[in-house]
Every structure is written in C-alpha cells, then in structure tokens.
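Numbering (the working numbering), first residue to last: 2 to 221. Don't be surprised by glycine CBs; every beta carbon is placed ideally from N, CA and C. Computed from a prediction, not measured in an experiment: that's the story for all the values here. The structure under discussion appears below in the form of structure tokens.
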Ligand SMILES: [Zn+2]
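See below:
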C-alpha cells in the first residue's frame, strides 16, 4: 500500500489493513513523504508515530521514501516514478492500494499518479531497474479527501475501533477523533459506506478494471 503522508494509510484504509493482517496477509505500507511541511509535528515525531502505528497494526513493512512534502514529484518526475517502480519490484505485492486521484491535496493526487505509473513501469521488460520485472494483480484506489462511486465496500464494523486507535497514534496531528481535528470526517464517512451495505462501518474502494466472477456463489 502506498500513502502520501504518515497517517493517510490509516485514515483512508485502516480497517482494510487491520482485516488483511487478521486474515494472515503480509501487509506493507510505503509512505512517500514524512509530512514535514504540515503545521503540526515535525519529521521526527511523524516517523515515530508511523512506527508506533506499524506495530499496533501488525504490518510487516513500513518504509518512508523521504520525498519532500508539499513538493512532489521530487526533482525529476520520471526518476521518482522509477524509484517507486523499483520498490514494487522489490516487494512484489499482489495488490497495491493507491490514493484516489481526485483530491484537493496536491500531494495526494500526485501520489496517485506516481504510483499508478510506477505499477505500469514495474511490469515493463525494457525498464531496467535493480529488480526483475513484476506485474501487480490489482491496483485498488482508496479515498482520502476525494470521493468516488465505489467498486466495492469493505465491511469494517469489527475493525473500526482499531482503525480509530491507529489514527489516534498520530498524536501530533489529532487531539481528538472528531470532525474538528481530522482532515475529513472519517467516522461519518465510514458510517455512510457501512449504511450502504447494511453494516455499522465500511471503507470504499475503486478499481479501474472489473473483478472477474467465476461463479454465482458470491451472491448466495
Ligand atoms: Zn495526506
């Protein structure tokens, strides 16, 4: 999973991360920046908070690429994309979670573009990097500030409290779990998506490609 700033992974897909870890899947989070340009906290506090969240969530890998916050893409866009592509080849994720491209925060939309292109470059034979070519099975987009019509909604009713705890690890950013302090209304959004699937809480995801169904069992 890729995120622009520490805390974005938890805000956008914390429930999905908890569920994946509980299901025994190997989960890794790569943050592109340390969020050092944010009004609250600094580079050190934000890295420490992300490390704490990593332990709480039980994810295997959490890496920060240290690109400059509020200044993505770093220097040369192609270089940045290739660097991310090399990470994809190194870790070989079957599924990559990416922030949705329509977002009022420029770092969020730029991260979406960089990671989408990096997944493409990772599979190209003629792109020579430190690791051999690798094809990601699915690129799945998650919401931060933006909104889409979801391809699917994950029931995170059982995981919501742990998502909330993971978000509150970022003490430099959020004094309380409320609309006043969060960058967008996480509680209300999860309640809304949950209501669409008759669950208490849900997280929405978007796929550019449809998922193939092999039979009708999913509907029964
Ligand atoms: Zn962010």
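Residues close to ligand 1 by the beta carbon criterion (under 5 Å to any non-hydrogen atom) are, from first to last along the chain, 5, 6, 9.
Segment contact: the region 113-125 against the region 160-170, fewer than three CB-CB distances shorter than 8 Å; contact not assigned. Note that the C-beta distance between residue 143 and residue 13 is below 8 Å.
Going by beta carbons, residue 145 and residue 9 fall inside the 8 Å limit. Shown here, residue 96 sits in a strand according to DSSP, grouped into three states.
Contact between the region 167-179 and the region 101-112 is absent, with fewer than three C-beta pairs closer than 8 Å. Taking the CA atoms as reference points, residue 38 sits about 33 Å from residue 129. Contact between residue 157 and residue 204 holds: their C-beta atoms lie close to 5 Å from each other, under 8 Å.
For residue 32, the enclosing beta strand (DSSP E) covers residues 29-34.
Within the same chain, Cβ atoms closer than 7 Å to the Cβ of residue 206 are found at 141, 142, 143, 151, 152, 153, 155, the five residues on either side in sequence being excluded.
DSSP places residue 193 in the uninterrupted alpha helix (DSSP H) bounded by 187-197.
Here the alpha carbons of residue 91 and residue 221 stand approximately 39 Å from one another.
Relative to the Cα of residue 100, the nearest Cα in the group 138, 127, 30, 51 belongs to 30. A straight line joining the alpha-carbon of residue 45 with that of residue 218 spans about 49 Å. The residue among 173, 94, 197, 81 with its C-alpha nearest the C-alpha of residue 43 is 173. Judged by DSSP secondary structure, residue 166 falls within the alpha helix (DSSP H) whose first and last residues are 161-168.
For the options 26, 40, 65, the alpha carbon positioned closest to that of residue 52 is the one of 65. An exposed status is given to residue 105, since fewer than 16 other beta-carbon atoms sit within 10 Å of its beta-carbon. Residue range 44-58 is occupied by the alpha helix (DSSP H) that includes residue 57. By DSSP's assignment, residue 139 forms a beta bridge with 96.
Note that the C-beta distance between residue 138 and residue 85 is not below 8 Å.
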